[in-house]
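A.B. asks: Before anything else, here's the structure in question.
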Amino acid sequence: PLDPADPPARLARTVRGSGLHFLATTVPARATEAAALLGRAAAGSELDSLVLLPVADETAGDLALDGGYIFSTSGSTGTPKGVLLSHENVLHFADWAARTLGLRAQDRVGAQAALTFDLSTFDLYSSALAGAAVHLMPERLTAFPAEVAGWLREHEISVLYAVPTLYRLLRKTGLLTGGSAPRLRLFAFAGEPLPPDLLAWYLAEFPGASCHNLYGPTETNVCTAAHFPPGSTVGATVPIGRAVDGVHTVVLDPDGDPARRGELHVAGPTVLRGYLVDGQLRDPAREVRFDDGVTRRAYPTGDLAETDDDGRLLLLGRADDQVKRRGHRIDLRDVESALRETVAAEACAVVAKRGAHEGEIWAYVVGATNERQVLTALAGVLPRRMLPDRIVLTDRLPVSGHGKVDRRELAELASTEGA
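Sequential numbering of the sequence shown, starting at 675, is according to my numbering.
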């Protein structure tokens, strides 16, 4: 799935990288702009309100890969990566979620996630397996938490799967309570670290509800989970739990050996087929020896994790230059690449403000003279979710003892300036 709100240049890069042959769209104008950037004619076939637009030759790429769908993620080179997931990948997750979370035919699932976001696989496929009713929330409501709360009440939603940011905004409205929405019985959180106070509030406000903290990058969908039944006590940190059925996880130290703390690796039937780059499949997974002595094909998540005394996993942060914003993983080097392409700047660096709840992004630019012009230029090539929260014009960038840009100092500076 592609987001028609993305800039045509971004859509064109995604289409080219994934090796797609056709775009099916209800927004033909945006697709036509993207096709033009690929050197394709604007001819298409219209079926009711759906337009099929050819965007590549029939011989381009090789998609006979048993693929089920492709999600686009941010890449460090400035080109989006197409995450190819198979039918097996999504069915394993959907079946596990329907069974483990206890979805029922009587449930009403509030589908608020965009189809370009992997949380939507739960709304669509797990609900279908359970025979539950799926209510698609109108996109226009997403910017108005009070209206979202009203929509949940009006449609008597019983199951909600969303990022903690949305849950926090719903709590802040004061309009979503156990008394006003008595049918809400299951809350699933994913896409961002779950603050313990937020989890505790939902457990207290909806005393009969069950809460689940789910974890997994786009490349693996959900691979670990922690269940908090009614009456659960919440500690100082909310764990991401243990591996789901059929999935294996291991934490490796920098030498590649199993350890209590290190980078989390995931193996099993939910792991992606690979990345589609220029229509060709590239496998980011590698062979890893797990605690049980078995070597498996595993995906390195880039997330740092620690195993607690109860065998549950705790997230510690990232091992690379990526940040989460409302569940979307954004590579800061991707934003930097866009800056270099669109702004006549001498130098630039993009960092995440430390301690920011929603992955606040700050861009430091040397040589530019107008913050608004910089942001406008970026908006022409980046999706809105990737745009910096703050553009800082500066005379120079700090450098480390090795002569490289000191990103740690910039991140600390952003935290100080934005306090």
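Ideal Cβ placement from N, Cα and C applies to all residues, glycine included. In this text, all values refer to a predicted model and were calculated from it rather than measured experimentally.
Could you tell me the alpha carbon to alpha carbon distance between residue 771 and residue 796, rounded to whole angstroms?
C.D. replies: Residue 771 and residue 796 have their C-alpha atoms some 7 angstroms from each other.
A.B. asks: Output the residue ranges of the beta strand (DSSP E) runs that lie fully inside the segment 854 to 900 and measure 3 residues or longer, sorted by chain position.
C.D. replies: 860 to 863, 884 to 889
A.B. asks: May I ask which residues mark the beginning and end of the alpha helix (DSSP H) holding residue 685?
C.D. replies: For residue 685, the enclosing alpha helix (DSSP H) covers residues 682 to 692.
A.B. asks: Would you kindly work out how many angstroms separate the C-alpha atoms of residue 953 and residue 925, rounded to a whole number?
C.D. replies: 32 angstroms
A.B. asks: Do you know whose CA, among 1084, 787, 1068, 987, lies nearest residue 815's CA?
C.D. replies: 787
A.B. asks: From what residue to what residue does the beta strand (DSSP E) around residue 807 run?
C.D. replies: Segment 807 to 810, the beta strand (DSSP E) holding residue 807.
A.B. asks: What three-state label does DSSP hand residue 1016 in the structure shown?
C.D. replies: helix
A.B. asks: Round the Cβ separation of residue 979 and residue 1026 to the nearest angstrom and send it over; I've been treating them as touching at under 8 angstroms.
C.D. replies: Between residue 1026 and residue 979 the Cβ distance is about 19 angstroms, and since that is not below 8 angstroms, they are no contact.
A.B. asks: Beta-carbon within less than 6 angstroms of residue 748's beta-carbon, same chain only, minus the 5 sequence neighbours each way: which residues are those?
C.D. replies: 1004, 1005, 1008
A.B. asks: Please work out which residues of its chain come closer than 6 angstroms, Cβ to Cβ, to residue 863, disregarding the five sequence neighbours upstream and downstream, and give them in chain order.
C.D. replies: 838, 887
A.B. asks: Out of 968, 761, 832, which has the shortest C-alpha to C-alpha gap to residue 895?
C.D. replies: 761
A.B. asks: Determine the contact status of residue 938 and residue 923, defining contact as a CB-CB distance below 8 angstroms.
C.D. replies: Their beta carbons are under 8 angstroms apart, which means residue 938 touches residue 923 by this criterion.
A.B. asks: What did DSSP end up calling residue 1047 once you bin it into helix, strand or coil?
C.D. replies: helix
A.B. asks: Is the segment 823 to 834 close to the segment 795 to 812, with three or more CB pairs under 8 angstroms?
C.D. replies: yes
A.B. asks: So is residue 818 buried or exposed if we call it buried at 16+ other beta carbons inside 10 Å?
C.D. replies: exposed
A.B. asks: DSSP on residue 722, reduced to helix/strand/coil?
C.D. replies: Residue placement at residue 722 is poorly supported in this model, since its pLDDT is 48, which falls under 50; the coordinates are not used for a value here.
A.B. asks: Is the segment 962 to 978 touching the segment 990 to 997 in the sense that three or more CB pairs, one from each, lie closer than 8 angstroms?
C.D. replies: yes
A.B. asks: In the DSSP assignment, find the beta strand (DSSP E) that holds residue 741 and state where it starts and stops.
C.D. replies: Its beta strand (DSSP E) spans residues 741 to 747.
A.B. asks: Would you say the beta carbon of residue 920 is closer than 7 angstroms to some non-hydrogen atom of the ligand NAD?
C.D. replies: With respect to the ligand NAD, the structure offers nothing, as it holds no ligand at all.
A.B. asks: What would DSSP say about residue 1009, mapped onto helix, strand or coil?
C.D. replies: Residue state, collapsed to three classes: helix.
A.B. asks: Would DSSP call residue 1078 helix, strand or coil?
C.D. replies: If DSSP states are grouped into helix, strand and coil, residue 1078 belongs with coil.
A.B. asks: So what's residue 1052 in DSSP terms, helix, strand or just coil?
C.D. replies: helix
A.B. asks: Run the CB neighbour count on residue 904, radius 10 Å, all protein chains shown included, and call it buried at 16 or more, exposed below.
C.D. replies: exposed
A.B. asks: Does the segment 1033 to 1042 come into contact with the segment 1056 to 1070, if we say contact requires no fewer than three beta-carbon pairs (one atom in each stretch) closer than 8 angstroms?
C.D. replies: yes
A.B. asks: Taking residue 960 and residue 949 to be in contact with their CB atoms under 8 angstroms, please state how far apart those CB atoms are, rounded to whole angstroms.
C.D. replies: Not a contact, Cβ separation roughly 14 angstroms.
A.B. asks: Applying the 10 Å Cβ sphere with the 16-neighbour rule, what's the burial state of residue 812?
C.D. replies: With fewer than 16 other Cβ atoms within 10 Å, it is exposed.
A.B. asks: With a CB to CB cut of under 6 angstroms and the five nearest residues on each side skipped, what residues in its chain are close to residue 847?
C.D. replies: 819, 820, 823
A.B. asks: Could you give the residue range of the alpha helix (DSSP H) that holds residue 814?
C.D. replies: Taken as a continuous stretch (DSSP letters only), residue 814 belongs to no alpha helix (DSSP H), as it is neither H nor E.
A.B. asks: Along the chain, where does the beta strand (DSSP E) containing residue 819 start, and where does it finish?
C.D. replies: It is not in any beta strand (DSSP E) - residue 819 instead sits in the alpha helix (DSSP H) that spans 819 to 828.
A.B. asks: From what residue to what residue does the alpha helix (DSSP H) around residue 764 run?
C.D. replies: 761 to 774
A.B. asks: Distance, Cα to Cα, residue 852 vs residue 878?
C.D. replies: 9 angstroms
A.B. asks: Which stretch, first to last residue, makes up the beta strand (DSSP E) that contains residue 1177?
C.D. replies: What is shown of the chain runs 675 to 1093, which leaves residue 1177 out entirely.
A.B. asks: Mind reading off the beta-carbon distance from residue 870 to residue 912? Whole number of angstroms is fine, and I expect it under 8 angstroms.
C.D. replies: 5 angstroms
A.B. asks: Classify residue 1031 as buried or exposed, calling it buried when 16 or more other Cβ atoms lie within 10 Å of its own Cβ.
C.D. replies: Caution is warranted here: a pLDDT of 47 is assigned to residue 1031, below 50, making its placement in the model unreliable, and no coordinate value can be reported.
A.B. asks: Measuring CA to CA, which of 782, 700, 875, 798 is closest to residue 826?
C.D. replies: The residue among 782, 700, 875, 798 with its C-alpha nearest the C-alpha of residue 826 is 782.
A.B. asks: Which residues bound the alpha helix (DSSP H) around residue 1027?
C.D. replies: It is not in any alpha helix (DSSP H) - residue 1027 carries neither H nor E in the DSSP assignment.
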